[in-house]
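Protein chains in written order, with the working numbering: chain W, 1 to 213; chain P, 1001 to 1213.
C-beta: ideal position from N, C-alpha, C; glycine also.
Number of protein chains: 2
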Amino acid sequence: MNTTQRTDQQRSADRRRRELLEAADRVVLRDGPQASMNAIAAEAGITKPILYRHFGDKGGLYAALAERHTDALLDSLRAALDAPADRRERVEATLDTYLSAIEARPQVYRFLMHPAEESQSDQGFDVGKHSAPLLRRMGEELAQVIGERLDLGPDGRQLARVWGHGIVGMMHAAGDWWLGERPCPRAELVHSLADLLWGRLAAAGDKVGGPGF
Amino acid sequence: MNTTQRTDQQRSADRRRRELLEAADRVVLRDGPQASMNAIAAEAGITKPILYRHFGDKGGLYAALAERHTDALLDSLRAALDAPADRRERVEATLDTYLSAIEARPQVYRFLMHPAEESQSDQGFDVGKHSAPLLRRMGEELAQVIGERLDLGPDGRQLARVWGHGIVGMMHAAGDWWLGERPCPRAELVHSLADLLWGRLAAAGDKVGGPGF
DNA sequence: ACATGCGTGTTACTTGTGGTAACACCGAGT
DNA sequence: ACTCGGTGTTACCACAAGTAACACGCATGT
């Protein structure tokens, strides 16, 4: 039968694809974002053209790879965001989840943020969308949660999106810096960021004798 | 005389270096961060080895190039941060300055954020410091201003650094997203981000009938 | 006047990486 | 037996980073 054969082959192709992705995963975990197609093929025990048949080009492979991790991370974040606790606790749990993830597997996180930026695209000005898809997806996700649950008046939708991307960026940049310098324990970073979101910057007093801020 | 000769040559070398940087600038402005050394050399009317003699390697050229723009942008930001106005106005002015800059020359900004990520470094784990130097410098700069002027109690230094990097990341990610989608005028984005920093997220009420946030 | 450097420039090469074409094998259906 | 679709290979191309090795101009010391 055509259909059973088709599904059989498709099933085996899918399994192969997953195996290849796992091999690629190991290489990226070891070599970071500059893992070469040759290295990935070697790790998988095959040669380049097979990779290209499965994923089209490097961008395709990287996209497939990124999607897995992105989905996994987003699931964790959603769980933290949906926990039964008050707002502040949930914000802190979300921050902590993200930071734990990047702390546990920095190479993967690095890869997710830096998707090789190939795709010099068609013509000079493809400005925008250069940012990592993970950041965008996290931003949109957070925007949705905020927009759904908070009463922000008219333009609430818009405001929620700005905040979603802004908060994600804050989390990302602070996490990146923290991971490099390790200036404090994770819990302290989480607390400081939550304080920032809770308006402590605006509420803080000027230093006595200073020029004010 | 040895010294006058030295200075003469040095002067001419410096001029040449500046010319090369300007040529590189034009190419990057046109081609974005994936500008090739060949293209830059051609634009400057010379060939590759000269570039390599002047800048060592691609990273060196890019670093020199980035430093110019980074310095310029940081000067603008400092000016906005030091303007004679109240805190909120200055925060908004700073945000607006940054957003204007990336809006005016997206290719340059893109290049600054994505310094080619070469430098696969020595050994697998050079985690951290992968982020663009511009972001780090802006973060440190802002941290210094905050730490200098705000009374944040003990650990104020630490808190200021976290906030500096966090705010810069917020600005960056939101700006990046905004530049790609242009969902609203710049002024509105600035206002929304300032609202976020002013704690409107924490203060907002839950939507009626929703699960709360 | 002549040789010695030294900075500027070149051509031509090596190495590595993304990507592809052409061919070989193998198992299932007609 | 014979084709067909999928898996795999070797061998290649294009192109970018980076590096010799060599050639010219020009001030200087003898």
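>> Taking only three categories from DSSP, how would you classify P:Gly1205?
In response: strand
>> Can you tell me where the alpha helix (DSSP H) holding W:Asp82 begins and where it ends?
In response: No alpha helix (DSSP H) contains W:Asp82, which DSSP labels as neither H nor E.
>> Counting only beta-carbon separations shorter than 9 Å, does P:Val1168 have a partner in chain W?
In response: yes
> Where are the alpha helix (DSSP H) runs, 4 residues long or more, that stay fully inside the stretch 49 to 116 of chain W, in chain order?
Replying inline: 58 to 81, 87 to 104, 106 to 113
> For a contact meaning CB atoms closer than 9 Å, what does P:Asp1206 contact in chain W?
Replying inline: Arg87, Arg149, Leu150, Asp151
> Taking Cβ-Cβ distances shorter than 7 Å, what residues in chain P pair up with W:Gly65?
Replying inline: The displayed chain sequence assigns Leu, not Gly, to residue 65 of chain W. What W:Leu65 touches in chain P: nothing, since even the nearest Cβ is about 17 Å away.
> Short check: CB of W:Val190 to CB of W:Asp86, under 9 Å?
Replying inline: no
> Where does P:Trp1150 sit, in a helix, a strand or coil, going by DSSP?
Replying inline: The residue asked about is misnamed: residue 1150 of chain P is Leu in this sequence, not Trp. Looking at P:Leu1150 - three-state DSSP - the assignment turns out to be strand.
> Over what stretch of residues does the alpha helix (DSSP H) that includes P:Gln1158 continue unbroken?
Replying inline: 1156 to 1181
> Leaving out five residues before and five after W:Leu152 in sequence, what residues of the same chain have Cβ atoms less than 7 Å from its Cβ?
Replying inline: Leu159, Ala160
> Can you tell which of P:His1114, P:Ile1046, P:His1165 has the C-alpha that lies nearest to the C-alpha of P:Gly1059?
Replying inline: P:His1114
>> I'd like the span of the alpha helix (DSSP H) that includes W:Ser228, first residue to last.
In response: Because residue 228 of chain W is not part of the residues shown, which for chain W are 1 to 213, the question remains open.
> P:Arg1200 to W:Gly45, Cα distance in whole Å?
Replying inline: 54 Å
>> According to DSSP, is P:Ile1046 part of a helix, a strand, or is it coil?
In response: coil
> Which residue's Cα is closest to the Cα of W:Arg53: W:Ser76, W:Arg17, W:Asp31, W:Tyr109?
Replying inline: W:Arg17
> Is W:Leu81 closer than 9 Å to W:Leu142 when the C-beta atoms are compared?
Replying inline: yes
>> So, for W:Asp31: in the same chain, excluding its five sequence neighbours on each side, which residues have a beta-carbon less than 6 Å away from its beta-carbon?
In response: none
>> Any beta carbon from chain W within less than 9 Å of P:His1165's own beta carbon?
In response: yes
> Applying a beta-carbon distance threshold of less than 8 Å, which residues of chain P neighbour W:Ala214?
Replying inline: The requested residue 214 of chain W is not part of the displayed model; chain W covers only 1 to 213.
>> Please tell me whether P:Gly1147 and P:Arg1157 are closer than 9 Å, where the distance is taken between their beta carbons.
In response: yes
> So W:Arg105 and W:Leu29 are in contact, right, with Cβ under 8 Å, and what is the actual spacing, rounded?
Replying inline: 7 Å
>> Suppose the cutoff is 7 Å on Cβ atoms and the five residues either side in sequence are ignored; what does the same chain contact list for P:Leu1020 look like?
In response: Ala1044, Leu1051, His1054
>> If distances are taken between C-alpha atoms only, which option among W:Arg90, W:Arg68, W:Lys48 comes closest to W:Leu77?
In response: W:Arg90
> From P:Ala1024, P:Asp1057, P:Arg1026, P:Val1145, pick the residue whose C-alpha is nearest to that of P:Ala1079; which is it?
Replying inline: P:Val1145
> How many angstroms separate the CA atom of W:Val108 from the CA atom of P:Asp1014?
Replying inline: 41 Å
> For P:Ala1202, which residues in chain W fall below 8 Å Cβ to Cβ?
Replying inline: Arg87, Arg88, Leu197, Trp198, Gly199
> Closest to P:Gly1164 by CA distance: which of W:Trp163, W:Leu196, W:Gly205 is it?
Replying inline: W:Leu196
> Can you find a CB in chain W that lies within less than 9 Å of the CB of P:Asp1176?
Replying inline: yes
>> Taking the beta carbon of P:Asp1176 as the centre, do at least 16 other beta carbons fall within 10 Å, making it buried, or is it exposed?
In response: buried
> Within this structure, are the beta carbons of W:Ile232 and P:Met1170 separated by less than 9 Å?
Replying inline: Because chain W spans 1 through 213 in this model, residue 232 of chain W falls outside it and cannot be assessed.
>> Using the three-state DSSP reduction, which class does W:Ser12 fall into: helix, strand or coil?
In response: helix
> Which whole-angstrom value is the C-beta distance of W:Ala174 and W:Leu193, which I expect to be below 8 Å?
Replying inline: 6 Å
>> What would DSSP say about W:Arg18, mapped onto helix, strand or coil?
In response: helix
> Between the stretch 1181 to 1194 of chain P and chain W, which residues of the former have a C-beta closer than 8 Å to a C-beta of the latter?
Replying inline: Glu1181, Pro1183, Cys1184, Glu1188, Leu1189, Ser1192, Leu1193
> What three-state label does DSSP hand W:Ala132 in the structure shown?
Replying inline: coil
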